[in-house]
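All remarks here apply to the structure that follows.
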Amino acid sequence: MAATTLNVDGVMLFEQPFARVPYENYRKVFRTSQKNIEKELGAIQTAASELARKARSGAANPEDALRSIDAMMKRAEGLKKKLNDLQTNSGAPTLQVIRERLQHLAAVEDIESVRSPEFARWADTRLDRWLIDWTLRHGREKTARRIAAQKGIGTLVDIELFSDIRRIEDALSRHSCTEALAWCSENKAALRKVKNPLEFELRLQEFIELTRARKLMDAITYQKKYLIQWQESQAVQINQASALLAYTPISAFGPYKRLYDLSRWQTLIQSFRVAIYNLSTLPTEPLLHLAMYAGLASLKLPACYNQETTNIDCPICDPDLGKLATEVPFSHHVNSTIVCRITGKIMDSDNFPMAFPEHGTVYSREALEDMASRNEGQVTCPRTKETCHFADLRKVYIS
Ligand SMILES: [Zn+2]
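If you want it as structure tokens, here you go:
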């Protein structure tokens, strides 16, 4: 029975990013709305109090007052339109995605058995989602879009997120930080919360490029504007970077030469990827791999790697799949049956195992009863030579 009951908690372990990504998208929409409201209402308030001040001092003339009120109304209407557009184009579709995903997750809670056709269908969709995740991480966006369209699961996968990642990484590989910095500013609060230094690393790179081009005045201005604010956490790096004003890429040595190294761009791409995965709670490895590891680990036994004990029905015993499993830990169920060392018979609830009181060595009840009947109730452990009365043995329960 227990083996076919669906382990909902286990299923949910993989689903955090599935719920998190659209939630983060919605938060962005909400923040943009909030910024617009603050900006426009602030301006209206300023204009209103200015008008009131003029009216009190008697300096207001009716025409100016009307014009000012008109301008305020235009602003309010503009704000309303902007918020409307935002809600229609981004807010509502994102909410729809959240709703569909939560429904998809909720559906699994009603499934009772892993053998039911409902679960088979649900797991098929999950496999499609994982395949799309895998293809997106490998830069195969067209394939991902095709699978999503074919299976009708566009709202259940994060193609847009990965297009963003690709666009920003492409810019970094063309040695431009602009796109990545824009992303950092969109996610400033979240990055600060997890103390991610990506923005500093990007700023540092822009500074390095200025010194590489020997635009020294620009570099000094840039340093004051963007690097000094990181002084508290990045003092060492900032000091080293300052030395680049004196060293050219050719004259630099040691840590200064490393700062000029173009491979820093590759490192930036990796740091960016880690940061964006982190904020979306996406694992750095494809979900498909994680699921495979989990599955392989639950089956893997030492016997799988012994030619004499391989099992034709076991996927790990297959040489190719077994190779995939080399890095995963062994299953905890190393012994599926416990065998008595004396009789070689299986120990179970009929022939339960019994332990010696001192050393805890274990043999089957049958073997020990037999031994006791021949030795006036005394039993001796063949390994430790511990001797006791049969009545002093402890019954061992198999869990
Ligand atoms: Zn095996």
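Here the numbering used here is used: the first residue of the sequence shown is 1, the next is one more, and so on. Don't be surprised by glycine CBs; every beta carbon is placed ideally from N, CA and C. Predicted, not measured: the structure shown is a model, and the values here were computed from it.
Next item on the list: Could you have a look at Lys195 and say whether DSSP puts it in helix, strand or coil?
Entry: Position 195 of the sequence shown, counted from the first residue, corresponds to residue 195. Looking at Lys195 - three-state DSSP - the assignment turns out to be coil, as it is neither helix nor strand.
Checklist line | Closest by C-alpha distance to Ala71, when choosing among Ala48, Thr88, Arg121, Ala55 | finding: Indexing the sequence shown from 1 puts residue 71 at position 71. Considering only alpha carbons, the answer is Ala48.
Checklist line | the region 193-207 contacting the region 270-288, beta-carbon criterion three pairs below 8 Å | finding: Look at the beta carbons and you see the region 193-207 touching the region 270-288: at least three pairs across the two are nearer than 8 Å.
Notebook entry, point to check: Which stretch, first to last residue, makes up the alpha helix (DSSP H) that contains Cys388?
Noted result: Within the sequence shown, residue 388 is the residue found at index 388, counting from 1. Here Cys388 belongs to no alpha helix (DSSP H); instead the beta strand (DSSP E) covers 387-389.
Checklist line | Given Leu400 as reference, the closest of Thr125, Pro93, Ser173, Asn61 once Cα atoms are compared | finding: Since the displayed the chain opens at 1 and closes at 399, residue 400 lies outside it and no answer follows.
Item checked: Option in Lys345, Gly377, Glu358 with minimal Cα separation from Ser364 -> Counting from one through the sequence shown, the residue named residue 364 turns up at place 364. Minimum Cα distance to Ser364 is reached at Lys345.
Margin query: Just to confirm the assignment, what range does the beta strand (DSSP E) spanning Val379 have?
Written below: In the sequence shown, the residue the question calls residue 379 occupies position 379. It spans 378-380 - the beta strand (DSSP E) in which Val379 sits, taken as one unbroken run.
Notebook entry, point to check: Does the Cβ-Cβ distance between Leu244 and Tyr256 come in under 8 Å?
Noted result: Residue mapping note: residue 244 aligns to position 244 of the sequence shown, counting from 1. Residue mapping note: residue 256 aligns to position 256 of the sequence shown, counting from 1. Yes, these two residues count as a Cβ contact at 8 Å.
Margin query: Whole angstroms are fine: how far does the CA of Thr125 sit from the CA of Ser113?
Written below: Numbered from 1 along the sequence shown, position 113 holds the residue referred to as residue 113. Numbered from 1 along the sequence shown, position 125 holds the residue referred to as residue 125. Roughly 17 Å between the two C-alpha positions.
Check: Near Gln205, what residues of its chain come up, given a Cβ to Cβ distance below 8 Å and the 5 sequence neighbours on each side ignored?
Finding: Counted from its first residue, the sequence shown places residue 205 at position 205. Cys177, Arg264, Trp265, Leu268, listed in sequence order.
Check: Taking the Cβ atom as the reference point for each residue, do Phe352 and Lys395 lie within a distance shorter than 8 Å?
Finding: Counted from its first residue, the sequence shown places residue 352 at position 352. Counted from its first residue, the sequence shown places residue 395 at position 395. In this structure, Lys395 lies closer than 8 Å to Phe352 by Cβ.
Notebook entry, point to check: Which of the three DSSP states, helix, strand or coil, is assigned to Arg394?
Noted result: To locate residue 394, count along the sequence shown from 1; it is residue 394. Under the three-state reduction of DSSP, Arg394 is assigned to strand.
Margin query: The beta strand (DSSP E) that contains Tyr363, what's its start and end?
Written below: Here residue 363 is taken as the residue at index 363 of the sequence shown, counted from 1. It spans 362-364 - the beta strand (DSSP E) in which Tyr363 sits, taken as one unbroken run.
Next item on the list: Provide the residue span of the beta strand (DSSP E) that contains Pro353, from first to last.
Entry: As a position in the sequence shown, residue 353 is number 353, starting the count at 1. Looking at the DSSP string, the run of the beta strand (DSSP E) that includes Pro353 is 353-355.
Notebook entry, point to check: For Glu15, which residues of its own chain have a beta-carbon under 7 Å away from its beta-carbon, when the five flanking residues on both sides are left out?
Noted result: If you number the sequence shown from 1, residue 15 lands on position 15. Only Leu105 meet the Cβ criterion.
Next item on the list: With DSSP as the reference, label Lys44 as helix, strand or coil.
Entry: Translated into positions along the sequence shown, residue 44 becomes position 44. In the sequence as presented, Lys is not what sits at residue 44; that position holds Ile. Assigned with DSSP and collapsed to three states, Ile44 falls in helix.
Notebook entry, point to check: So, helix, strand or coil for Ala252, using DSSP?
Noted result: The sequence position of residue 252 within the sequence shown is 252, counting from 1. In the three-state DSSP reduction, Ala252 falls in the coil class, being neither helix nor strand.
Next item on the list: State yes or no: is the C-beta of Ile316 nearer than 7 Å to some heavy atom of ligand 1?
Entry: For this step, residue 316 is matched to residue 316 along the sequence shown. Within the chosen limit of 7 Å, ligand 1 reaches the beta carbon of Ile316 through at least one heavy atom.
Note to self: Applying the 10 Å Cβ sphere with the 16-neighbour rule, what's the burial state of Glu160?
What the structure shows: Mapped onto the sequence shown, residue 160 falls at position 160. By the neighbour-count rule (16 or more Cβ atoms within 10 Å), Glu160 is not buried but exposed.
Margin query: At the level of alpha carbons, what is the spacing between Arg53 and Arg27?
Written below: For this step, residue 53 is matched to residue 53 along the sequence shown. For this step, residue 27 is matched to residue 27 along the sequence shown. Between Arg53 and Arg27, the C-alpha separation is close to 38 Å.
Notebook entry, point to check: What do you get for Thr211, buried or exposed, if any count of 16 or more other CB atoms within 10 angstroms of its CB means buried?
Noted result: Here residue 211 refers to the residue found at position 211 when the sequence shown is read from its first residue. Burial call: buried.
Note to self: Please tell me whether, using a cut-off of 7 Å, the distance from the CB of Ala297 to the nearest non-hydrogen atom of ligand 1 is below it.
What the structure shows: The residue given as residue 297 occupies position 297 in the sequence shown. No, since every heavy atom of ligand 1 falls outside the 7 Å radius drawn around the Cβ of Ala297.
Item checked: Per-residue DSSP class, three states only, for Ile338 -> In the sequence shown, counting from the first residue as 1, residue 338 sits at position 338. Here Ile338 sits in strand by DSSP.
Next item on the list: Could you tell me if the beta carbon of Ala189 falls within a distance shorter than 7 Å of some heavy atom in ligand 1?
Entry: Taking the first residue of the sequence shown as 1, we reach residue 189 at position 189. For ligand 1, not one heavy atom lies less than 7 Å from the Cβ of Ala189.
Next item on the list: Give me whichever residues DSSP pairs with Asn346 in a beta bridge.
Entry: Taking the first residue of the sequence shown as 1, we reach residue 346 at position 346. According to the sequence as given, residue 346 is Ile; it is not Asn. Looking at the DSSP output, Ile346 shares a beta bridge with Val339.
Next item on the list: Would you check whether ligand 1 has a heavy atom nearer than 7 Å to the C-beta of Leu301?
Entry: The count along the sequence shown starts at 1 and reaches residue 301 at position 301. Taking 7 Å as the cut-off, the C-beta of Leu301 counts as close to a heavy atom of ligand 1.
Margin query: In the DSSP assignment, the alpha helix (DSSP H) including Leu244 goes from what residue to what residue?
Written below: Translated into the one-based positions of the sequence shown, residue 244 becomes position 244. In this chain, Leu244 is not harboured by any alpha helix (DSSP H), its DSSP state being neither H nor E.
Checklist line | Heavy atom of ligand 1 within 7 Å of Asn311 beta-carbon | finding: Stepping through the sequence shown from its first residue, residue 311 is reached at position 311. Yes; taking the cut-off as 7 Å, the Cβ of Asn311 has a heavy atom of ligand 1 nearer than that.
Checklist line | Rounded straight-line distance, which links the Cα of Ile316 to that of Arg145 | finding: Position 145 of the sequence shown, counted from the first residue, corresponds to residue 145. Position 316 of the sequence shown, counted from the first residue, corresponds to residue 316. Looking at the two C-alpha atoms, the distance is approximately 33 Å.
Note to self: Among Thr284, Leu259, Asp350, whose alpha-carbon lies nearest the alpha-carbon of Gln237?
What the structure shows: Position 237 of the sequence shown, counted from the start, is the residue given in the question as residue 237. Of Thr284, Leu259, Asp350, the residue nearest in Cα terms is Leu259.
Notebook entry, point to check: Between which two residues does the alpha helix (DSSP H) containing Thr221 stretch?
Noted result: Counted from its first residue, the sequence shown places residue 221 at position 221. 216-222 is the extent of the alpha helix (DSSP H) around Thr221.
Note to self: Closer than 8 Å is the cut-off here; do at least three beta carbon pairs connect the region 120-137 with the region 88-102?
What the structure shows: Note that the region 120-137 does not touch the region 88-102; fewer than 3 beta-carbon pairs, one per stretch, sit closer than 8 Å.
Note to self: When you compare the CB positions of Thr5 and Leu86, do they come within less than 8 Å of one another, or not?
What the structure shows: For the purposes of this step, residue 5 is taken as the residue at position 5 of the sequence shown. For the purposes of this step, residue 86 is taken as the residue at position 86 of the sequence shown. Between Thr5 and Leu86, the gap from beta carbon to beta carbon reaches 8 Å or more.
Check: Can you find at least 3 beta carbon pairs, one from the region 141-156 and one from the region 291-304, that sit closer than 8 Å?
Finding: The region 141-156 makes no contact with the region 291-304: fewer than 3 CB pairs, one atom from each, lie closer than 8 Å.
Item checked: Same chain only: Cβ atoms within 8 Å of Glu209, ignoring 5 sequence neighbours per side -> Sequence index remark: in the sequence shown, residue 209 carries index 209 (1-based). The answer, listed in chain order, is His175.
Check: Between Ile69 and the rest of its own chain, which residues show a CB-CB distance below 8 Å, the 5 nearest in sequence each way excluded?
Finding: As a first step, residue 69 must be located in the sequence shown, where it is residue number 69. So the qualifying residues of the chain are Leu51.
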